[in-house]
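**Student:** Below you'll find the structure I mean.
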């Protein structure tokens, strides 16, 4: 408590006391400080703030440009993917069409070869049939000559008998094919 009583005794001013001279000098120094600060410190401070603001603007513009470029790149990649899908579908469609064409060609070739084989087989059968008929006629002629020679027993020569038998066989109707 002693310290509270000592302050007025030493001549110290109370906190609520106003000194006009001190207030005036404080105001003058404040104005002078503000003028000096405005003259020498404010412009560099504003320049630094403006430079920082421009840097931020450029960074934002760069980010926007990068975003736009990324979007364009994404759109281009999506279009490339769609185009690749279309090309894949075309290749598949073309391959299927080619496979169908090859299948049809092979089937037609097989039909043609089968028809040729059937035709050749029929011709071979016809030739063998004709040959068999000739051999059969020859054998029948030989048998007929032998039978006739036994019956007639020497009335005709063997050549004459064969001639008669051949004429008889030739006069018979032809066998149907």
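Numbering (my numbering), first residue to last: 35 to 211.
For each residue, glycine too, the CB sits at the ideal point set by N, CA and C.
What would DSSP say about residue 88, mapped onto helix, strand or coil?
**Tutor:** As a working note, residue 88 is residue 54 in the chain shown. The answer is helix: DSSP assigns residue 88 an H, G or I state.
**Student:** Grouping DSSP H, G and I as helix and E and B as strand, with all else coil, what is residue 51?
**Tutor:** Taking the chain shown and counting its residues from 1, one reaches residue 51 at position 17. DSSP places residue 51 in coil when its eight states are reduced to three.
**Student:** To which residues of the same chain is residue 111 closer than 8 Å at the C-beta, ignoring the five residues directly before and after it?
**Tutor:** Counting from 1 along the chain shown, the entry for residue 111 is found at position 77. Within the same chain, residue 111 has no close Cβ partners at all.
**Student:** Span of the alpha helix (DSSP H) holding residue 198?
**Tutor:** Translated into the one-based positions of the chain shown, residue 198 becomes position 164. Start and end: 192-205.
**Student:** How big is the Cα-Cα spacing for residue 139 and residue 200?
**Tutor:** As a working note, residue 139 is residue 105 in the chain shown. As a working note, residue 200 is residue 166 in the chain shown. C-alpha separation (whole angstroms): 54 Å.
**Student:** Is it the case that the Cβ atoms of residue 195 and residue 179 are separated by a distance below 8 Å?
**Tutor:** In the chain shown, residue 195 corresponds to position 161, counting from 1. In the chain shown, residue 179 corresponds to position 145, counting from 1. Yes.
**Student:** Might you give, ordered along the chain, the residues of its own chain that have their beta carbon closer than 7 Å to the beta carbon of residue 145, omitting 5 neighbours on each side?
**Tutor:** As a working note, residue 145 is residue 111 in the chain shown. Around residue 145: no qualifying Cβ.
**Student:** Compute the Euclidean distance between the alpha carbons of residue 102 and residue 83, then round it to the nearest angstrom.
**Tutor:** Within the chain shown, numbered from 1, the residue matching residue 102 stands at position 68. Within the chain shown, numbered from 1, the residue matching residue 83 stands at position 49. Roughly 28 Å between the two C-alpha positions.
**Student:** Would you mind stating whether residue 203 and residue 161 have Cβ atoms separated by less than 8 Å?
**Tutor:** Working through the chain shown from its first residue, we reach residue 203 at position 169. Working through the chain shown from its first residue, we reach residue 161 at position 127. No, the pair does not count as a contact, with Cβ atoms beyond the cut-off.
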